[in-house]
């Protein structure tokens with residue numbers, strides 16, 4: 001795992017005075033971190049999914065609007081709450097009409113950097129997630145596209161927003177375009193953190209304990225999966241590499257993970273690796289919210305993934321690092337938009 | 349209903365040139381409006397319910413926090429949504445565990461100016477409303493004070509907020525103090541509107557159509573009930589003075605209103621007069637959300653309360669006036685606070 005530039009730095013440090021050695025170690029740590037992680041981009045637009053001001057405005061309204069779902073009382077923001085950094089503080093959320101969701105809410109912040117969406121990777125990207133959610137029996141309860149679009153047509157303020165967002169289309173009010181608009185909005189939701197400032201070269205952006213924690217995070221082996229721009233969310237991995245995960249988490253029921261999607265025995269208990277950005281703000285943890293606190297979650301991961309028993313001091317340092325992955329809430333997420341007024345039909 | 353200063357203005361106007369007469373009419377209208385209505389205060393603190401920075405900060409967090417309710421998935425802001433000006437765009441909301449609320453959500457904006465709280469006046473003030481809601485089977489589902497406080501004690505960030513808000517109390521974490529804190533927060537939620545600027549003497553704050561609408565609003569008799577600082581919310585009134593209300597609204601079931609609280613036959617179909625501040629942003633209308641649009645609601649009121657059939661032009665003018673009762677959303681309401689992290693126990 002040790003890369004050449006680090007070796008050179010270490011060798012150089014060995015021939016200098018101790019204070020210089022410490023500084024050289026710090027430089028080596030930064031350099032190593034820069035090889036493993038990348039800072040967040042300004043936004044998460046792609047060639048396929050561009051961001052325009054009009055799409056973001058429409059998408060932001062739709063994200064906060066409960067009138068699209070069957071009883072007109074749940075929106076994307078019901079589970080992805082700004083107050084909890086895009087999660088809901090529950091082990092597993094309850095969907096429409098008291099229907100239980102099977103897994104914990106992953107945050108939608110920075111989610112455009114994720115290689116697939118959802119714990120089992122059964123959504124290819126943000127737009128696919130929104131599209132499927134719009135007629136999901138748990139998330140929406142709406143039977144089909146017509147039912148969702150019927151709601152929107154009863155709110156006069158939406159037609160001009162769709163027209164502005166998709167000016168070349170004669171009938172822009174479609175599920176595909178709702179997905180594109182909400183996706184465009186979500187692709188603006190990035191949360192640059194002190195760790196990004198550190199990656200840009202500012203050592204002081206991380207306090208000493210956090211830098212120690214970063215070093216332990218690297219040397220313990222966490223970075224085998226938690227790397228890249230998302231500090232995770234770049235690959236699949238089995239949960240429980242060296243020990244069955246539920247023995248450490250107390251999970252009940254036991255989730256077969258991606259196996260239930262692919263039926264491939266190699267995917268048994270395999271999940272998308274979670275991004276650790278804003279992890280200190282998004283309790284509880286894991287696909288079933290079975291672990292309540294971050295120190296406990298760090299210990300569980302070291303144990304079941306790496307066969308390492310972390311002591312309290314090491315755990316504290318790693319947590320001090322993870323806490324520096326918390327960024328500011330984007331203003332266009334923290335602040336709710338004023339929605340176009342309009343009562344949809346009374347729900348009987 | 350015509351007051352002396354208006355008579356003088358009208359007489360004066362009759363002896364001047366037409367342009368002057370128009371100006372004099374405008375002055376008379378403003379003067380009359382200033383006698384009927386009052387502008388919003390800066391906040392709604394009282395001697396009994398003072399506002400402190402610490403109480404507002406605590407109260408704002410509690411207002412947005414779903415972890416106090418039985419399944420930890422509904423907060424005050426679930427019904428009083430910023431995106432809908434403190435309402436939820438539904439005829440009647442659904443409470444915890446799919447339990448139906450009996451009446452439409454009244455906005456919490458400016459609610460500290462209301463003489464009583466709720467449609468039937470069965471809450472004496474904001475603090476009483478919060479206190480009762482915390483263990484209401486529909487709103488909260490929590491059985492008692494202990495259950496609510498247990499939740500808060502599992503979220504480490506709350507203890508210091510309670511200590512700061514109620515520094516003289518050894519055990520500040522109580523339902524009474526939750527009510528005081530949320531009440532203090534809500535007492536900051538005022539929405540000064542163009543109409544307030546008009547009442548302060550700026551004619552131009554209301555466009556011509558809105559001033560015409562104001563005149564019609566006065567002369568039709570709406571101001572008999574919709575007056576004062578709230579443009580309503582200062583008294584009780586029977587809904588359906590000249591005609592049974594449900595014949596105009598199609599309401600089903602028929603609500604006996606305050607009669608069910610007092611058992612006084614004089615209270616049959618009596619409700620608190622709604623404030624019309626922000627009324628254009630809070631569809632649908634009436635205690636059961638039975639009417640979807642503002643023009644329709646204005647016509648229903650003229651018909652069943654005053655025996656007047658308003659034509660479309662008069663209705664349009666009155667609506668143009670009512671639309672100028674919309675104020676800016678307070679920043680501390682539009683923007684969700686970041687809540688103290690903490691997972692409460694998994695809900696089984």
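Residue numbers (the working numbering), protein chains in the order written: chain A, 1 to 348; chain B, 349 to 696. Just so you know, even glycine gets a beta-carbon here, dropped at the ideal spot from N, CA and C. Please read these numbers as outputs of a predicted model, since none were measured by experiment.
At 8 angstroms on the CB atoms, spell out the chain D contacts of residue i, in chain order.
i, result
"residue 629 of chain B", "The structure shown contains no chain D; its protein chains are A and B."
Can you find a C-beta in chain A that's less than 7 angstroms from the C-beta of residue i?
i, result
"residue 673 of chain B", "no"
"residue 632 of chain B", "yes"
"residue 620 of chain B", "no"
"residue 415 of chain B", "yes"
"residue 490 of chain B", "no"
"residue 683 of chain B", "yes"
"residue 487 of chain B", "no"
"residue 421 of chain B", "yes"
"residue 438 of chain B", "yes"
"residue 522 of chain B", "no"
"residue 446 of chain B", "yes"
"residue 466 of chain B", "no"
"residue 412 of chain B", "yes"
"residue 507 of chain B", "no"
"residue 431 of chain B", "yes"
Which whole-angstrom value is the C-beta distance of residue i and residue j, which I expect to be below 8 angstroms?
i, j, result
"residue 275 of chain A", "residue 250 of chain A", "That belief does not hold up - the Cβ atoms of residue 275 of chain A and residue 250 of chain A are roughly 24 angstroms apart, past 8 angstroms."
"residue 626 of chain B", "residue 457 of chain B", "6 angstroms"
"residue 231 of chain A", "residue 37 of chain A", "6 angstroms"
"residue 135 of chain A", "residue 144 of chain A", "6 angstroms"
"residue 608 of chain B", "residue 468 of chain B", "7 angstroms"
"residue 441 of chain B", "residue 548 of chain B", "Not really, about 36 angstroms apart at Cβ, beyond 8 angstroms."
"residue 361 of chain A", "residue 76 of chain A", "Here chain A comprises residues numbered 1 to 348, so residue 361 of chain A is not present and cannot be evaluated."
"residue 172 of chain A", "residue 162 of chain A", "4 angstroms"
How about residue i and residue j: are their beta carbons less than 7 angstroms apart?
i, j, result
"residue 543 of chain B", "residue 378 of chain B", "no"
"residue 414 of chain B", "residue 422 of chain B", "yes"
"residue 43 of chain A", "residue 187 of chain A", "yes"
"residue 412 of chain B", "residue 684 of chain B", "yes"
"residue 605 of chain B", "residue 621 of chain B", "no"
"residue 159 of chain A", "residue 59 of chain A", "no"
"residue 669 of chain B", "residue 562 of chain B", "yes"
"residue 292 of chain A", "residue 691 of chain B", "yes"
"residue 675 of chain B", "residue 581 of chain B", "no"
"residue 688 of chain B", "residue 460 of chain B", "no"
"residue 35 of chain A", "residue 203 of chain A", "no"
"residue 313 of chain A", "residue 294 of chain A", "no"
"residue 300 of chain A", "residue 220 of chain A", "no"
Does any residue of chain B have a CB that is nearer than 7 angstroms to the CB of residue i?
i, result
"residue 87 of chain A", "no"
"residue 110 of chain A", "no"
"residue 308 of chain A", "no"
"residue 301 of chain A", "no"
"residue 197 of chain A", "no"
"residue 94 of chain A", "yes"
"residue 292 of chain A", "yes"
"residue 106 of chain A", "no"
"residue 320 of chain A", "no"
"residue 332 of chain A", "no"
Ordered along the chain, which non-local residues of its own chain (more than five positions away) have a Cβ less than 6 angstroms from that of residue i?
i, result
"residue 87 of chain A", "105, 107, 282"
"residue 615 of chain B", "606, 607"
"residue 139 of chain A", "95, 133"
"residue 678 of chain B", "537"
"residue 41 of chain A", "none"
"residue 633 of chain B", "639, 645"
Once you ignore the five residues that flank residue i on each side, which residues in its own chain have a CB closer than 7 angstroms to its CB?
i, result
"residue 646 of chain B", "658, 663, 666, 667"
"residue 438 of chain B", "637"
Starting from the C-beta of residue i, find all residues in its chain whose C-beta is less than 8 angstroms away, skip the five residues before and the five after it, and write them out in chain order.
i, result
"residue 71 of chain A", "96, 97, 141, 347"
ask   = Between the region 116-128 of chain A and the region 445-452 of chain B, do three or more beta carbon pairs fall short of 8 angstroms?
value = no
key: Touching by the beta-carbon criterion (3+ pairs, under 8 angstroms), the region 656-666 of chain B and the region 551-568 of chain B   = yes
key: Three CB pairs or more closer than 8 angstroms across the region 561-572 of chain B and the region 396-414 of chain B   = no
request  = Specify whether the region 495-504 of chain B and the region 519-527 of chain B touch according to this definition: at least 3 beta carbon pairs, one from each stretch, less than 8 angstroms apart.
outcome  = Segments in contact, yes.
message = Could you check whether the region 643-663 of chain B touches the region 582-601 of chain B, counting it as contact only if at least three pairs of C-beta atoms, one from each stretch, sit closer than 8 angstroms?
response = yes
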